[in-house]
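Chemist: Quick note, the sequence shown lines up with residues 1 to 172 if you use my numbering. Note that CB positions come from ideal geometry on N, CA and C, so glycine has one too.
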Amino acid sequence: MRRCRSRTTRKAAYGCVGLIIVAVGACYLDVSFTSTVANFAFASAAYLAYCFLAICTWSFKWLPLRVLALAVTAIPVAAGYVLGTVGMLGLMFIVGDYANPPIQTTNTAADLECRTTGWGMVATDSGYTVHLYKHWPAFPLIEREVARVVVNETNPGAGPTSASCDDVLAKR
């Protein structure tokens, strides 16, 4: 980042690094926004921040480092382009599953909410997931998934054949 051309670009690069660190930390800790639109906006902002940092690697002076950095940073960007063209149908199925309203929502305690969401389609396995989310009164727009049980109704295998909010509470 020392080689970014201007002070403004360098500050923007540091901001992008901070945004990516927050996004990775949120994924690792299962923290998200309560709004689906806010989650998509945050993920899009993190992806654009990553693309900006990938462009900043073009200004590295040492050629082997520039080639290595471009090769490493180009992989997720290229994956984004593939999903934007060939994989758009599959991506839309995933987004559709995520954006659908929950089948059932139950408040199990003052700060816990249980949601059952469906997933899948005709060409793949289908089922539902029972999620348990913790809410904090100080941060009403943020939630953390503390437990989940995934039920594959098409081919359960060794997994559960059914689940309820009580099962997820017991798992917690």
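Bridge partners for K134 per DSSP, in chain order?
Modeler: Answer is L112, R144, bridged to K134.
Chemist: In whole angstroms, what separates the C-alpha of V146 from that of N152?
Modeler: Distance between the alpha carbons of V146 and N152 is about 20 Å.
Chemist: Would you mind listing the alpha helix (DSSP H) stretches within the stretch 69-127 that are 4+ residues and don't spill past its ends, in chain order?
Modeler: Correct list: 88-99.
Chemist: In angstroms with no decimal places, state the Cα-to-Cα distance between H131 and A71.
Modeler: Each residue's alpha carbon lies about 38 Å from the other.
Chemist: Can you confirm whether the stretch 16-29 touches the stretch 46-53 when touching is taken to mean that 3 or more C-beta pairs between the two stretches lie within less than 8 Å?
Modeler: Cβ pair count under 8 Å is three or more, so yes.
Chemist: Is there a Cβ from chain D that is less than 8 Å from the Cβ of P140?
Modeler: No chain D is present in this structure, which holds just one protein chain.
Chemist: S35 lies in the alpha helix (DSSP H); which residues open and close that run?
Modeler: Looking at the DSSP string, S35 is not in any alpha helix (DSSP H), and its letter there is neither H nor E.
Chemist: State the start and end residues of the unbroken alpha helix (DSSP H) segment that holds K182.
Modeler: Residue 182 lies beyond the range of the chain shown here (1 to 172); nothing can be said about it.
Chemist: Measure the beta-carbon distance from V150 to G127 and round it to whole angstroms, keeping in mind my assumption that it falls under 8 Å.
Modeler: So it is a contact: roughly 7 Å between Cβ atoms.
Chemist: CA-CA distance, G84 and G118?
Modeler: The alpha-carbon atoms of G84 and G118 are separated by roughly 24 Å.
Chemist: For the candidate residues A46, D111, L63, G96, whose alpha-carbon lies nearest to that of P76?
Modeler: Out of A46, D111, L63, G96, A46 has the C-alpha closest to the C-alpha of P76.
Chemist: Can you tell me the Cα-Cα spacing of P101 and E143, whole angstroms?
Modeler: Each residue's alpha carbon lies about 16 Å from the other.
Chemist: Could you tell me which of C165, P137, I94, T105 sits nearest to M121, measuring between CA atoms?
Modeler: For the residues C165, P137, I94, T105, the minimum Cα distance to M121 belongs to I94.
Chemist: According to the Cβ coordinates, are D111 and K134 closer than 8 Å?
Modeler: For D111 and K134, yes; Cβs fall inside 8 Å.
Chemist: Quick one: using the 10 Å Cβ neighbour count with 16 as the cut-off for buried, is S32 buried or exposed?
Modeler: Buried, since its Cβ has 16 or more Cβ neighbours within 10 Å.
Chemist: Alpha carbon to alpha carbon, how far is M1 from S44?
Modeler: Low local confidence applies: a pLDDT of 47 at M1 is under 50, so the model's placement there is unreliable, with the coordinate-based value given in what follows. So the alpha carbons of these two residues sit roughly 22 Å apart.
Chemist: Applying the criterion that 16 or more other CB atoms from any shown protein chain within 10 Å of the CB defines a buried residue, is L89 buried or exposed?
Modeler: That one is exposed.
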